[in-house]
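Taking it in order: structure first as structure tokens, then the write-up.
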Amino acid sequence: MSMTVATEQIDRIVWNQHQDPFEVLGPHLLEQNGKGAKWAVRAYLPNADAVVVILPDKRKEYPMQSVHHPHFFECTIETPELANYQLRIKEGDHERVIYDPYAFRSPVLTDFDIHLFAEGNHHRIYEKMGAHVTEVNGVKGVYFAVWAPNARNVSLLGDFNQWDGRKHQMRKFGNGVWDLFIPGVGYGEHYKYEIKNWDGHIYEKSDPYGFYQEVRPKTASIVANLDSYTWNDADWMEQRRHTDLLTQPISVYECHLGSWMHASSAEPAKLPNGEEEPVVIAAELNPGARFLTYRELAAKLIPYVKNLGFTHIELLPVAEHPFDGSWGYQVTGFYAPTSRFGSPEDFMYFVDQCHLNGIGVIVDWVPGHFPKDGHGLAFFDGTHLYEHADPRKGEHKGWGTLVFNYGRNEVRNFLVANAVFWFDKYHIDGFRVDAVASMLYLNYCRPDGQWVANDYGGCENIEAADFIRQTNHVLFSYFPGILSIAEESTSWPMVTWPTYVGGLGFNLKWDMGWMHDVLDYFHMDPWFRQFHQNNITFAMWYHHSENFMLALSHDEVVHGKSPMIGKMPGDRWQKFANVRALSTLMWAHPGKKTIFMGMELAQWSEWNVWGDLDWHLLQHEPHQQMQKFFKDLNELYRGEPALYTADAGFDGFEWIDCNDNSHSIVSFIRRAKDSDEYVVVVCNFTPQPHSHYRVGVPDHGFYTELFNSDAGQYGGSNMGNLGGKWSDEWWYHNRAYSIDLCLPPLAVLILKLDREKTAAALKAAEETLDAEVSAE
0 MSMTVATEQI
10 DRIVWNQHQD
20 PFEVLGPHLL
30 EQNGKGAKWA
40 VRAYLPNADA
50 VVVILPDKRK
60 EYPMQSVHHP
70 HFFECTIETP
80 ELANYQLRIK
90 EGDHERVIYD
100 PYAFRSPVLT
110 DFDIHLFAEG
120 NHHRIYEKMG
130 AHVTEVNGVK
140 GVYFAVWAPN
150 ARNVSLLGDF
160 NQWDGRKHQM
170 RKFGNGVWDL
180 FIPGVGYGEH
190 YKYEIKNWDG
200 HIYEKSDPYG
210 FYQEVRPKTA
220 SIVANLDSYT
230 WNDADWMEQR
240 RHTDLLTQPI
250 SVYECHLGSW
260 MHASSAEPAK
270 LPNGEEEPVV
280 IAAELNPGAR
290 FLTYRELAAK
300 LIPYVKNLGF
310 THIELLPVAE
320 HPFDGSWGYQ
330 VTGFYAPTSR
340 FGSPEDFMYF
350 VDQCHLNGIG
360 VIVDWVPGHF
370 PKDGHGLAFF
380 DGTHLYEHAD
390 PRKGEHKGWG
400 TLVFNYGRNE
410 VRNFLVANAV
420 FWFDKYHIDG
430 FRVDAVASML
440 YLNYCRPDGQ
450 WVANDYGGCE
460 NIEAADFIRQ
470 TNHVLFSYFP
480 GILSIAEEST
490 SWPMVTWPTY
500 VGGLGFNLKW
510 DMGWMHDVLD
520 YFHMDPWFRQ
530 FHQNNITFAM
540 WYHHSENFML
550 ALSHDEVVHG
560 KSPMIGKMPG
570 DRWQKFANVR
580 ALSTLMWAHP
590 GKKTIFMGME
600 LAQWSEWNVW
610 GDLDWHLLQH
620 EPHQQMQKFF
630 KDLNELYRGE
640 PALYTADAGF
650 DGFEWIDCND
660 NSHSIVSFIR
670 RAKDSDEYVV
680 VVCNFTPQPH
690 SHYRVGVPDH
700 GFYTELFNSD
710 AGQYGGSNMG
720 NLGGKWSDEW
730 WYHNRAYSID
740 LCLPPLAVLI
750 LKLDREKTAA
760 ALKAAEETLD
770 AEVSAE
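Each residue of the sequence shown is one higher than the one before, counting from 0 in numbering that gives the first Met the number 0.
Set out below in structure tokens:
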């Protein structure tokens with residue numbers, strides 16, 4: 000037969016150099032008249048020996064002939080319409096029947112999708128990009144789409160084509176997006192993109208929008224169904240929409256799922272249907288252990304956190320990452336929860352169970368950088384696509400990672416949509432955005448001469464700041480009641496102010512200054528603390544400028560910094576007492592709370608990403624007592640509105656005395672929002688007890704001792720005030736009343752006016768006085 004297509008076009012297909020294979024392959028109308036139509040059907044099928052076209056009615060078959068190339072086939076068919084035909088392919092002794100991918104021309108991505116993506120405003124682009132099981136012309140298959148504007152060619156690789164990039168060449172259309180619908184494939188298929196640059200170099204890439212990835216060290220993406228899980232948290236989600244979290248108690252248990260606890264590698268993990276899940280060994284350094292699955296963590300971690308009274312679990316990044324020891328901050332799969340612990344549906348189950356147990360889920364999010372791994376975003380289409388080309392802007396040399404180009408609309412869209420994705424598909428309750436300062440400053444960890452100033456000559460990354468504002472604006476528009484927390488270590492202004500007044504739009508910021516100050520203070524021998532009272536009091540000079548979260552995070556218990564109890568001076572008893580005093584101060588101080596796993600155990604070793612927490616310590620009474628201490632502290636915190644409702648307001652905190660540095664004692668009042676409820680907090684940061692220490696108080700009455708960090712049940716000396724103290728009409732600290740307290744060593748007391756007991760005592764006194772007057 001004569002060719003109906005130019006030889007050069009066939010060569011471009013054979014050599015995988017065509018940017019629109021639909022121009023050559025698939026059905027093409029040759030003639031049309033009143034009697035019917037004549038079609039040419041073309042297919043390029045490497046390894047095929049013979050091909051036959053089968054029409055839908057299957058009444059007639061049309062053998063195809065090789066044209067110009069032994070694996071390029073063509074035939075002509077006279078029929079009014081030609082759709083949904085199939086190809087019967089003979090390869091050696093095997094035959095298979097497939098639908099022709101190049102017979103399905105209609106893209107799932109619309110022109111409007113491309114328009115929004117190009118301007119950086121397609122907030123749910125993940126519903127179109129990536130791999131999606133769909134139906135086109137009544138035929139089920141998977142639609143693939145990837146952004147690679149500078150690539151010469153893009154092909155799909157997968158189990159469905161023996162990882163041969165010649166077989167499924169993709170089409171390039173609007174704004175550099177490549178797409179292809181492959182009929183007959185479905186969920187569970189493994190795939191990658193084969194990307195060629197203009198020099199002919201080939202890159203095999205995981206899907207940037209892939210929802211699931213093979214367990215490392217494998218790197219293929221997996222077609223996943225994110226709509227199959229049935230959620231049970233509707234009540235939680237509805238209540239969240241109407242909750243102002245800034246007026247709620249928030250105490251966060253920060254957790255690294257891979258090192259909280261392991262299971263024996265000999266113990267199989269069970270799937271919901273009773274089948275065994277493949278064992279994932281935790282690390283070479285711990286060959287006898289395997290990771291717990293998301294479902295096993297739901298059964299063990301959630302009850303543990305609930306019992307301790309924490310309101311939220313914060314997860315170090317669960318987005319896919321290649322190296323177990325990296326803590327998860329070098330992300331290669333921004334849209335995929337790591338497969339180390341199970342499937343996307345398993346992670347949904349974990350979040351769902353958290354909500355059913357009254358626990359919120361915060362996920363660490365890493366939009367500041369990404370690693371250079373060959374299967375990831377780096378040099379994605381043969382050019383610096385997601386990162387800056389200039390290493391002075393595009394690389395964190397200290398971390399060995401690349402910096403996102405926030406000025407490129409499509410890159411910004413990738414990240415904004417990724418933020419929406421985790422809240423939308425996984426129902427998470429908050430983000431803790433990692434390393435915000437590294438995004439905001441062009442000279443972050445860069446010496447002079449190795450960074451590029453902005454258009455105004457400054458070091459501020461204006462594009463990154465705009466990206467952060469856009470992200471927070473979009474998130475709070477879609478998901479009211481969530482948390483967006485910044486780990487921002489500088490004095491960048493208005494981090495937690497709304498975007499409409501020029502703020503970055505977070506609603507909480509880690510108070511890194513408070514953390515460094517108090518840890519330096521508690522690290523000192525108590526005798527020297529009298530000279531550094533400012534470490535304890537300074538935070539209140541700036542506290543009202545932002546909405547702060549106090550955090551003692553994973554960063555403070557690694558790399559030779561020592562575990563929390565190891566930072567403390569003194570003998571063993573004093574170390575425990577110092578940890579209790581620090582923690583009680585933290586819970587009483589304005590600001591929401593975060594501690595890292597293991598601190599509740601008072602473990603003596605630094606956090607080891609390869610091992611477990613030191614659970615064996617719980618056989619010893621001091622560590623049991625420390626665990627109970629945190630449980631009771633959380634119970635107190637959640638039960639006293641004065642400790643959380645007015646964290647950020649000027650009226651929520653009041654010093655009683657911050658100047659007694661000679662005794663290293665501070666005292667203050669925490670007040671509830673829109674209420675006359677308050678608590679009195681008195682802190683003694685030396686081992687010297689005080690049997691008569693007077694503190695001014697606002698009202699006359701009986702002050703119940705709500706909490707004493709020196710209580711015997713926590714391992715303290717059990718000094719205290721026998722349940723509380725009555726105030727005296729003794730002017731002190733510029734107040735008409737005061738209480739005479741016994742201050743335990745290295746301890747914090749929290750007291751509260753018992754209005755009922757006070758009223759009853761006053762009434763009894765009045766009745767007694769009336770009786771005496773009547774008797775006279």
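The beta carbon of each residue, even a glycine, is placed where N, CA and C say it ideally should be.
Same chain, Cβ closer than 6 Å to residue i, neighbours up to 5 away in sequence not counted
i, result
"K630", "L307 and G308"
"V451", "R391 and K392"
"S792", "The structure shown has nothing for residue 792, since the chain only spans 0 to 775."
"M2", "V66"
"P106", "D178"
"I221", "H189 and Y211"
"L156", "W162, G164, K191 and E193"
"G341", "T292 and Y293"
Residue i CB to nearest heavy atom of the ligand MG below 7 Å
i, result
"Y43", "Looking for the ligand MG in the displayed structure turns up nothing, as the structure carries no ligands at all."
Short Cβ contact (8 Å threshold) for residue i with residue j
i, j, result
"H777", "C444", "Absent from the model: residue 777. The displayed extent of the chain is 0 to 775, so no value can be given."
"K305", "N231", "no"
"P589", "G638", "no"
"Y702", "K672", "no"
"L24", "Y101", "yes"
"Y208", "Y334", "yes"
"I484", "F521", "no"
"L745", "F684", "yes"
"W509", "G502", "no"
"L439", "N453", "no"
"F595", "L551", "yes"
"P182", "Y61", "no"
Continuous beta strand (DSSP E) stretch holding residue i: start and end
i, result
"G723", "G723 to W725"
"V111", "The sequence shown places Phe at residue 111, not Val. Run containing F111: none in the beta strand (DSSP E); it sits in the alpha helix (DSSP H), D110 to A117."
"Q31", "G25 to N32"
"R693", "H689 to V696"
"M548", "F547 to L551"
"E704", "F701 to N707"
"L156", "N152 to G157"
Residue span of the alpha helix (DSSP H) that contains residue i, given as start and end
i, result
"E755", "R754 to A774"
"Y303", "Y293 to L307"
"W513", "M511 to H522"
"F466", "I461 to Y477"
"S258", "L256 to W259"
"L355", "P343 to L355"
"A39", "Careful: A39 lies outside any alpha helix (DSSP H), inside the beta strand (DSSP E) at G35 to Y43."
"D234", "A233 to R240"
Secondary structure of residue i, DSSP reduced to three states
i, result
"T75", "strand"
"R11", "helix"
"F422", "helix"
"I594", "strand"
"K201", "It is Ile, not Lys, that sits at residue 201 in the sequence shown. Strand."
"W146", "strand"
"F530", "helix"
"R579", "helix"
"N412", "helix"
"G638", "helix"
"Y443", "coil"
"Q449", "coil"
Chain-order list of residues whose beta-carbon lies under 8 Å from that of residue i (same chain, five-residue window excluded)
i, result
"V694", "I655, D656, S666, V679, V681, Y731, H732, S737, I738 and L740"
"G723", "F701, Y702, T703, E704, L750 and D753"
Nonlocal neighbours in the same chain, by C-beta distance under 7 Å from residue i, ignoring five residues either side
i, result
"D519", "N534"
"N633", "S250, L307, G308 and F309"
"D19", "R170 and K171"
"G39", "Note on residue identity: the sequence assigns Ala, not Gly, to residue 39. T3, H27, L29, E73 and T75, listed in sequence order."
"W674", "Note that residue 674 is Ser in the sequence shown, not Trp. So the qualifying residues of the chain are P640."
"V350", "V360, Y425, H426 and I427"
"H531", "Y520 and M523"
(request) Tell me, please, whether the region 114–127 touches the region 64–74 by the rule of three or more beta-carbon pairs shorter than 8 Å. (result) no
(request) State whether the region 307–324 contacts the region 259–268, with contact taken as three or more CB pairs (one from each stretch) at a distance under 8 Å. (result) no
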